[in-house]
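Protein sequence lines correspond, in order, to chains A and B. Per this note's numbering, numbering through the first sequence is continuous, rising by one, with the last residue being 179. Per this note's numbering, numbering through the second sequence is continuous, rising by one, with the last residue being 179. Beta carbons: idealized from backbone N, C-alpha and C, even for Gly.
There are 2 protein chains.
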Amino acid sequence: MAKRPPDPANGNAPVARQVPMRDFSRSLPMSLLRAREAVMRQFRPKLREHGLTEQQWRILRALAAIEAAEVTELARTAFLLGPSLSRILRDLEARNLIERRTAKSDQRRSMVSISKDGVKLMASVAPSSEAIYAEITQRFGARKLAELQEMLGELEQSLAGLGAADGASAEE
Amino acid sequence: MAKRPPDPANGNAPVARQVPMRDFSRSLPMSLLRAREAVMRQFRPKLREHGLTEQQWRILRALAAIEAAEVTELARTAFLLGPSLSRILRDLEARNLIERRTAKSDQRRSMVSISKDGVKLMASVAPSSEAIYAEITQRFGARKLAELQEMLGELEQSLAGLGAADGASAEE
DNA sequence: TCGAGATACTTAACATGTTAAGTGACTGCG
DNA sequence: CGCAGTCACTTAACATGTTAAGTATCTCGA
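Pasting the structure below:
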């Protein structure tokens, strides 16, 4: 269906096109990528000062809110793939920011928790992080920010169960 | 076989600790990341069938719309960092999907353009890509999609010139 | 109880993100 | 001219994204 997508008033488009595709810079993936980059650009320098990457920070934050978590659960929470998480946990453990112990009931599972040093590091970064977030919120507008996140959640929902074999159906 | 009623809703350990931070999963960066991943998950398998990564596809699309571009210009258009682009161009050139020649007026500059093979490859992928995009548009709603992209653009704008990147601040 | 299959990670291999340093080519100023 | 500074990339080094294999453990049913 798609009755009629609003015609973008194509302001410039100075160059001739030979391929029938939407203007590349207006694609949804690009919009999302640029927006996210604009946001993360604000946080990265501060995290870097503390020797943390964005992903490492995500893991610490996720762990700070709970007693302990299995690796798979943590991967879901921090939105990281297993292999990435595996590497990062190895590193964080070596830096004594987290602790691990195998679950007694199932030797395959590893319970991960934040260490005292990890908590300390979080405490030293959180204020700056919150300040940056507050600045972003103020600039963009709290209401619009909430609206945006609502829409992002809806987008995620409307695409849930499209690409990945989730239930039954065919594989390929 | 082995039907296995997994336990996703496992009793788990909802132990919460009082930490003075927003709920991690509701942060703007995470919302943007998840939304983008939900979208890209739809495209990646098809691109992979054609031996292309998301970034390689971005470059080909960017090049298809113009005659030729300098590397720096291409990096801006495809939203890639110089080093990434450098590596990808090396690969794409080896696969004869693009062509390069140094500018006559300035030996430092390299002019990049898509090759015949590149155009052919694009033609073979574009239909599926557009179909997927249409499906996403339909599911989420064309109007909402336009709204979302508008907001993403505004977010980007409101953060422009905040990051301590170079540039003497202010505007231009 | 035993073994095929499932599960929970971990490794491997390759591609990109990210920052810093390197290389060759231009530019401006003396 | 000459050469220090800049520019346009490219390399390097390390971290993560992504898919495929590998390893150890656990589960279930014949």
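In the DSSP assignment, E77 of chain A is bridged to A:M118. The C-beta distance from A85 of chain B to R65 of chain B rounds to 4 angstroms, short enough to meet the 8 angstroms contact threshold. Taking 8 angstroms as the threshold, the shortest C-beta distance from E80 of chain B to chain A does not fall below it.
By the criterion of a C-beta distance shorter than 8 angstroms, E106 of chain B is surrounded in its chain by E100, V119, S120, I121 and S122, once the five residues flanking it on both sides are discounted. Nearest to Y140 of chain B by alpha-carbon distance, out of B:R51, B:F31, B:L35 and B:S38, is B:R51.
The continuous beta strand (DSSP E) containing T109 of chain A extends over residues I105 to T109. With a threshold of 8 angstroms between beta carbons, K111 of chain A makes no contact with chain B. Distance between S135 of chain B and N103 of chain A, taken at the CA atoms: about 48 angstroms. DSSP, reduced to helix, strand and coil, places F86 of chain A outside both helices and strands of the structure shown, so it counts as coil. Runs of the alpha helix (DSSP H) lying entirely within the stretch 131–167 of chain A, each at least 4 residues long, are 149–166 in chain order.
Below 8 angstroms, too few C-beta pairs join the stretch 70–88 of chain A and the stretch 33–47 of chain A to call them touching: fewer than three. Interface residue (Cβ-Cβ distance to chain B less than 8 angstroms): R55 of chain A is not classified as such. The beta carbon of Q63 of chain B is closer than 7 angstroms to those of I95 and L99 in its chain, skipping five residues each way along the sequence.
If you ignore the 5 residues before and after E74 of chain B, its C-beta comes within less than 8 angstroms of the C-beta of S120, all in its own chain and listed in chain order. Look at A138 of chain A: its C-beta is not under 8 angstroms from any C-beta on chain B. Just measuring C-alpha positions, the residue of A:E142, A:Q145 and A:L128 sitting nearest L70 of chain A is A:L128. Taking a C-beta distance under 8 angstroms as the contact criterion, G160 of chain B and S38 of chain A qualify as a contact pair. Close to chain A, meaning a Cβ-Cβ distance shorter than 9 angstroms, are the following residues of the stretch 33–48 of chain B: R33, S34, L35, P36, M37, S38, L39, L40, R41, A42, R43, E44, A45, V46, M47 and R48. Think of a sphere of 8 angstroms around the beta carbon of S93 of chain B: no beta carbon from chain A falls inside it, the nearest being about 19 angstroms out.
G89 of chain A is outside the set of residues whose beta carbon lies under 8 angstroms from a beta carbon in chain B. Assigned with DSSP and collapsed to three states, S34 of chain A falls in coil, not helix or strand. Closest by C-alpha distance to A130 of chain A, out of A:L67, A:M158, A:L81 and A:S165, is A:L67. The C-alpha of R97 of chain B is placed about 23 angstroms away from the C-alpha of S112 of chain B. Put simply, of A:F147, A:E163, A:R116 and A:S165 the residue whose alpha carbon is nearest the alpha carbon of A42 of chain A is A:F147. Using a 10 angstroms sphere on the CB of G58 of chain A, the tally of other CB atoms stays under 16, which defines it as exposed. Here the C-alpha atom of R115 of chain B lies approximately 11 angstroms from the C-alpha atom of T79 of chain B. The alpha-carbon separation between E154 of chain A and K53 of chain A amounts to approximately 27 angstroms.
Around the beta carbon of A149 of chain A, a 10 Å sphere encloses fewer than 16 other beta carbons of the protein chains shown; the residue is thus reported as exposed.
Among the CB atoms of chain A, one or more fall inside 8 angstroms of the CB of R146 of chain B. Bounds of any alpha helix (DSSP H) do not take in R102 of chain A, whose DSSP letter is neither H nor E. Within the stretch 145–165 of chain B, the residues whose Cβ lies closer than 9 angstroms to any Cβ of chain A are, in chain order, Q145, R146, F147, G148, A149, R150, K151, L152, A153, E154, L155, Q156, M158, L159, G160, E161, L162, E163, Q164 and S165.
Membership of L67 of chain B in the alpha helix (DSSP H) is indicated by the continuous run E61 to A71.
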